[in-house]
Amino acid sequence: MPNPFIHVELNTTDVDKAKTFYSQLFDWELEDMQMGPSDTYTVIKVGDGTGGGLLKNPMPGVPSFWLAYVLVDDIGAATKKAESLGAKIVKDSIEVPDMGWLSIIQDPTGAALGLWQTKQS
0 MPNPFIHVEL NTTDVDKAKT FYSQLFDWEL EDMQMGPSDT YTVIKVGDGT GGGLLKNPMP
60 GVPSFWLAYV LVDDIGAATK KAESLGAKIV KDSIEVPDMG WLSIIQDPTG AALGLWQTKQ
120 S
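Residue 21 in numbering that gives the first Met the number 0 sits at position 22 of the sequence shown, with consecutive numbering throughout.
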């Protein structure tokens, strides 16, 4: 299937509370990764199916939310195409070191969606 959903990410106002809740609700394996001097990203491993992540919501005053990511071949081209079709660019293409690139768009109906290009080794 072209452009599958490949990752879901919880941007939460309370990381510890979310980790406790989801680790008790589901059989998810949670693994913390350092993403800088003070930032931690928690990888959600679900076994079969689409995995995800959990992080402190970077937008003060915004309630916790889940964000789905769709796999694309070319992050720049996909982001520009979305914009040409009426999307607002929330976060333009940024590199996640050693992993790939992401951008976040808001579609013409107001829904947020992440785009992801995996780094080829």
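Ideal placement from N, C-alpha and C gives every residue a C-beta, glycine not left out.
Please tell me whether Leu66 and Gly113 are closer than 8 Å, where the distance is taken between their beta carbons.
Against the sequence shown, residue 66 aligns to sequence position 67. Against the sequence shown, residue 113 aligns to sequence position 114. Yes; because the gap between Cβ atoms is below 8 Å, this pair is in contact.
Integer Cβ distance of Asp31 from Thr39, believed to fall under 8 Å:
To locate residue 31, count along the sequence shown from 1; it is residue 32. To locate residue 39, count along the sequence shown from 1; it is residue 40. About 5 Å; that satisfies the 8 Å criterion.
If you compare alpha carbons, which of Val61, Ser120 and Phe25 is closest to Lys44?
Residue mapping note: residue 44 aligns to position 45 of the sequence shown, counting from 1. Among Val61, Ser120 and Phe25, the Cα nearest to that of Lys44 belongs to Phe25.
Please go through the region 68-96 and give each complete alpha helix (DSSP H) segment of 4 or more residues, from N-terminal end onward.
74-83
Whole-angstrom Cβ separation of Val71 and Asn10, contact assumed at under 8 Å?
On the sequence shown, position 72 is the one that residue 71 refers to. On the sequence shown, position 11 is the one that residue 10 refers to. In fact, because the Cβ distance is near 21 Å, the residues do not count as touching under 8 Å.
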